[in-house]
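Numbering (this note's numbering), first residue to last: 121 to 398. Backbone N, C-alpha and C define an ideal beta-carbon position, used for all residues, glycine too.
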Amino acid sequence: MVDLTSYNTLRVPAKAHDFKILRSLKDLKELRVDEPYMFLCLGANVLFVHDFPGTIIQVNLKGKKVISENNEEVIIEVAAGENWHELVMWTVENNWSGMENMALIPGTAGAAVVGNIAAYGQNQGDLVQSVEVYDLQQNSFEIFTHDQCKFVYRNSALKKYLITKVIYKVSKTAQFSTDYHSRYESLEKELQAYPTEKMLYPDKVEADLVKIPAGRLLDELGWRGKTIGQVSTFEKHALAIINLGGATGQEIFDYAEAMRADIRKNFDIELEYEVRII
121 MVDLTSYNTL RVPAKAHDFK ILRSLKDLKE LRVDEPYMFL CLGANVLFVH DFPGTIIQVN
181 LKGKKVISEN NEEVIIEVAA GENWHELVMW TVENNWSGME NMALIPGTAG AAVVGNIAAY
241 GQNQGDLVQS VEVYDLQQNS FEIFTHDQCK FVYRNSALKK YLITKVIYKV SKTAQFSTDY
301 HSRYESLEKE LQAYPTEKML YPDKVEADLV KIPAGRLLDE LGWRGKTIGQ VSTFEKHALA
361 IINLGGATGQ EIFDYAEAMR ADIRKNFDIE LEYEVRII
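Structure representation (structure tokens):
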């Protein structure tokens with residue numbers, strides 16, 4: 121059994137039968153899994169309530185480069201294990217536009233494309249040109265076009281595949297989203313105080329529907345900064361659940377369920393988990 125405590129950002133104790141790290145495509149030749157498996161990147165979007173009865177595969181493929189460009193746009197190739205925030209900062213440093221509002225989101229490029237992350241008016245799915253995956257069942261590579269990825273809110277058709285690289289198109293012309301206030305200087309210090317050990321609920325938005333901020337509802341019910349045992353929420357934002365140290369996955373799950381029940385009782389709204397519950 122392998123201890124997973126250091127491999128999930130909530131730092132909850134859990135174990136798996138085996139743990140494999142994929143550092144290069146050559147490692148795929150030796151990757152044979154005969155039991156249940158799941159892919160794990162930085163462990164920022166998973167809550168282990170139970171041990172995992174199988175193999176954890178961590179994708180640690182690295183590398184990013186420009187593969188083509190013109191006067192208006194740049195096509196970049198990004199390995200699945202690249203840190204998402206560092207990727208965003210790389211594009212900002214090169215004065216490319218399209219990802220900047222999605223800074224500070226924990227995870228990797230591979231996890232970002234599978235979960236179709238978005239923030240402050242920008243959506244990574246809008247930038248994806250194609251995705252290379254490896255099918256462990258067929259032992260073969262496949263290329264998914266943008267349309268084949270079937271991006272929807274916080275989801276895609278890529279979840280069962282091992283992501284190897286993503287092709288993005290970013291702009292050389294600034295395309296600022298003015299739907300939200302800039303968050304860099306004001307939030308970076310706050311969020312870096314809790315760089316890990318948190319779990320977020322999504323603020324879901326669909327076309328033709330009114331946005332109901334989950335954080336605002338939780339604030340009204342007194343959940344911001346509320347502590348139960350070793351579990352709390354970030355004092356600046358009730359959507360971030362924090363392990364204060366020593367909490368189990370079950371304790372964090374129970375805390376989250378209490379939040380959901382409170383929202384359900386008072387507003388008749390069902391909050392959805394953004395994290396994967398194991």
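- Residues 125 and 368 of the same chain have their beta carbon placed closer than 7 Å to that of residue 133, with the five preceding and five following residues left out of the count.
- In the structure shown, residue 121 falls within a coil segment according to DSSP collapsed to helix, strand and coil.
- The same chain holds no residue with a CB closer than 6 Å to that of residue 215 once the five nearest residues on each side in sequence are set aside.
- Residue 359: member of the beta strand (DSSP E) spanning 357-363, first to last residue.
- Around the beta carbon of residue 265, a 10 Å sphere encloses fewer than 16 other beta carbons of the protein chains shown; the residue is thus reported as exposed.
- Within its own chain, the residues whose Cβ lies closer than 6 Å to the Cβ of residue 382, once the five positions on either side in sequence are excluded, are 341, listed in chain order.
- Annotated as distal: residue 210 and residue 227, with beta-carbon spacing of 9 Å or more.
- Closest in C-alpha terms to residue 139, from the list 390, 202 and 177, comes 177.
- Annotation for residue 254: the continuous beta strand (DSSP E) segment containing it runs 248-255.
- Rounded to the nearest angstrom, the Cβ distance from residue 292 to residue 194 is 6 Å, consistent with a contact under 8 Å.
- The segment 278-292 makes contact with the segment 245-258; the number of CB pairs closer than 8 Å reaches 3 or more.
- If you check the CB distance, residue 348 and residue 354 do not come in under 9 Å.
- Boundaries of the alpha helix (DSSP H) harbouring residue 378: 369-387, taken from the DSSP string.
- Using a Cβ-Cβ distance cut-off of 8 Å, the segment 142-158 and the segment 373-392 are not in contact, since fewer than three pairs of beta carbons, one from each stretch, lie closer than that value.
- When C-alpha distances from residue 141 are compared across 128, 131, 262 and 161, the shortest belongs to 161.
- Contact check for residue 201 and residue 181: beta-carbon distance about 4 Å, within the 8 Å limit, so the pair qualifies.
- Nearest Cα to residue 377 within the set 392, 212, 173 and 365: 392.
- Scanning its chain for C-beta atoms nearer than 8 Å, with the 5 sequence neighbours on each side dropped, one finds around residue 172 the residues 124, 134, 135, 136, 137, 156, 158 and 398, in chain order.
- Under the three-state reduction of DSSP output, residue 198 falls in the strand class.
- Selection 221, 242, 249 and 245 evaluated against residue 196 yields 249 as nearest (Cα-Cα).
- Straight through space, the alpha carbons of residue 207 and residue 366 are spaced by roughly 32 Å.
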